[in-house]
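These notes are about the structure you will find just below.
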Amino acid sequence: MKYPFQQLQRTHAACIDELKRAAAEVIESGWYLRGSQTSAFEEELSAALGVSESVATGNGLDALRLILRGYIELGRLKEGDELIAAANTYIATILPASELGLKVRLIDPDEQTMCLNLRDAAHAASGKTRVVAVTHLYGNPSWDEDAAAELRQRGIIIMEDNAQAIGASWHGQMTGSLGDASAQSFYPSKNIGALGDAGAVCSSDSQLIAAVRSLHNYGSDRQYHFKYLGYNSRMDEMQAAFLRIKLRRLGEVTAMRNRAAAVYNASISHPDIQTPATLDGCTQVWHQYILRSPRRNELMEYLRGNGVGTMIHYPIPPHRQPCYEGALEGSYPLTDRLAAEVLSIPIADITEREASEISDIINSFPKN
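In the numbering used here, the protein residues as written are 14 to 381.
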């Protein structure tokens, strides 16, 4: 395929020598967990996002789980409390809530951004609502300061799922620092990806961070002393070393994605295809570049036939998944429509010329 959806070999070509040196240093150090690489990464990540502290975890799903569990241990959440999330989010956003006995309530996203509208969440929140999960889907910031202030005044926790949006900002403030706590994912395909899996919890709430730091290490608050029934979700030293290199390149990676997205935005013009929107004052990081078309499946086959790799994020929303059958009340017409219309095209590590060539192929898609 001439234009693969993503090529991780290309992603790593610019820093392959650094990665190899980092791997050798970790191997030779003899220290593979909870060492200097992890603590340094936590400090550097906190500085990059503008939060007080971070806890490096095994993956992004665990980061979400640890935030909710931390609030439970602090007495701010309990079984039966309600969590609101966008109905079109990736299922990882809500899985830990269900596992921990919270009631998940979905609402349709904003049609323009395809993300949770915080104002809609504030309107939907009831006396049972204790958490709103804000997913900055596709790297597009989703925020409303007035709505956030209203939610906080009502004692509702705002948890950011920042798995797809590291480096994005809202009026100059980084996503991942907007809410009470945020979860990061460093799955290999993310804008900053590990060479394996990893995640992090970030917050300026010192009590929450202390609870999460214990919970991610079996529940231990000091050696051989276990305050909680915890988990084993620690980032290893190798991934931390790799991610320190990746984090230093975040600006470069984001700029390259922005250049490609700018070409798409300026070049794609087709009556059956809609390009994505970004709210004023927001800086996207384009984890995915999402097209919408009522002829999505035809377009997907056409692009593949012309050498353009595509993916669907996501073809089956959470309320249609077997694991949630009968558990998620309500209907979500916009979410169902998005699941039938969205199509992701290459954005990671592509050049402006490649974006222009892909745009030409998209524009040549036969019109209805």
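The C-beta atom is built at its ideal place from N, Cα and C for all residues, glycine as well.
Asked, Found
"Residues near Ile360 by beta carbon distance below 7 Å, same chain, minus five either side", "Arg270, Ala273, Ala274, Trp299, Gln301, Tyr302"
"Nearest-angstrom Cα separation, counted from Pro122 out to Arg132", "11 Å"
"Closer than 7 Å: Tyr103 CB and nearest the ligand HEM heavy atom", "The model on display carries no ligand, and the ligand HEM is accordingly not part of it."
"Alpha-carbon to alpha-carbon, Leu74 and Ala105", "6 Å"
"Reduced DSSP category for Gln252 - H, G, I as helix; E, B as strand; rest coil", "helix"
"Nearest candidate by alpha-carbon position, reference Pro328, set Arg47, Leu77, Ala100, Leu79", "Ala100"
"Boundaries of the alpha helix (DSSP H) in which Gly212 is found, first to last residue", "Unbroken run through Gly212 is the beta strand (DSSP E), 212-216; no alpha helix (DSSP H)."
"Inter-stretch contact at 8 Å, needing at least 3 Cβ pairs: the stretch 215-231 / the stretch 185-200", "yes"
"Three-state secondary structure assigned by DSSP to Thr288", "coil"
"Classification of Asn11 by the beta-carbon crowding that lies within 10 angstroms, buried from 16 upward", "In the structure displayed, the chain extends from 14 to 381; residue 11 sits before or after that span and is not available."
"Supposed contact pair Gly243 and Asn230 - C-beta distance, whole angstroms, cut 8 Å", "7 Å"
"Cross-strand partners of Gln22 (DSSP beta bridge)", "Note: Gln22 sits in no beta bridge, so no partner."
"Close-in-space but distant-in-sequence residues of the same chain around Val276 (CB under 6 Å, 5 per side omitted)", "Glu365, Ala368, Ser369"
"Stretch-stretch touch, CB-based, cutoff 8 Å, three pairs: the stretch 153-173 with the stretch 126-140", "yes"
"Boundaries of the alpha helix (DSSP H) in which Lys116 is found, first to last residue", "Segment 116-120 is the beta strand (DSSP E) holding Lys116; no alpha helix (DSSP H) there."
"Rounded straight-line distance, which links the Cα of Glu57 to that of Leu260", "8 Å"
"Delimiting residues of the alpha helix (DSSP H) encompassing Asp349", "346-354"
"Nearest residue (CA-CA) to Pro17, options Asn278, Gly322, Asp210, Tyr103", "Gly322"
"Cβ neighbour criterion (16 or more within 10 Å) applied to Leu245", "One detail in the question is off: residue 245 reads as Asn in this sequence, not Leu. Exposed, because fewer than 16 other Cβ atoms sit within 10 Å of the Cβ of Asn245."
"With 16 other Cβ atoms within 10 Å as the buried cut-off, status of Gln334", "exposed"
"CB contact flag (Leu113, Ile85, <8 Å)", "yes"
"Beta-carbon gap between Gln252 and Leu208 smaller than 8 Å", "yes"
"Reduced DSSP secondary structure (H/G/I, E/B, other) of Asp362", "coil"
"Whole-angstrom C-beta distance between Ala35 and Ala279, which should lie under 8 Å", "Contact doesn't hold; Cβ gap of about 38 Å is too wide."
"Proximity winner among Ile169, His238, Glu342, relative to Val117 (alpha-carbon distances)", "Glu342"
"Alpha-carbon to alpha-carbon, Ala352 and Gln186", "30 Å"
"Beta carbon of His149 nearer than 8 Å to that of Asn175", "yes"
"Endpoints, alpha helix (DSSP H) assigned at Glu86", "73-86"
"Residue closest to Leu96, alpha-carbon to alpha-carbon, out of Ala290, Ser111, Gln125, Met324", "Ser111"
"Start and end residues, alpha helix (DSSP H) containing Met269", "263-280"
"Sequence-distant residues of its chain with Cβ nearer than 6 Å to Met14 (five each side left out)", "Gly320, Gly322"
"Identified DSSP bridge partners for Tyr16", "Val321"
"8 Å contact criterion, which Asn204 and Ile169 should meet: CB distance rounded", "The Cβ separation is near 29 Å, so there is no contact."
"Outcome for Glu354 when other beta-carbon atoms lying within 10 angstroms are tallied against a minimum of 16", "buried"
"Rounded straight-line distance, which links the Cα of Val147 to that of Val214", "14 Å"
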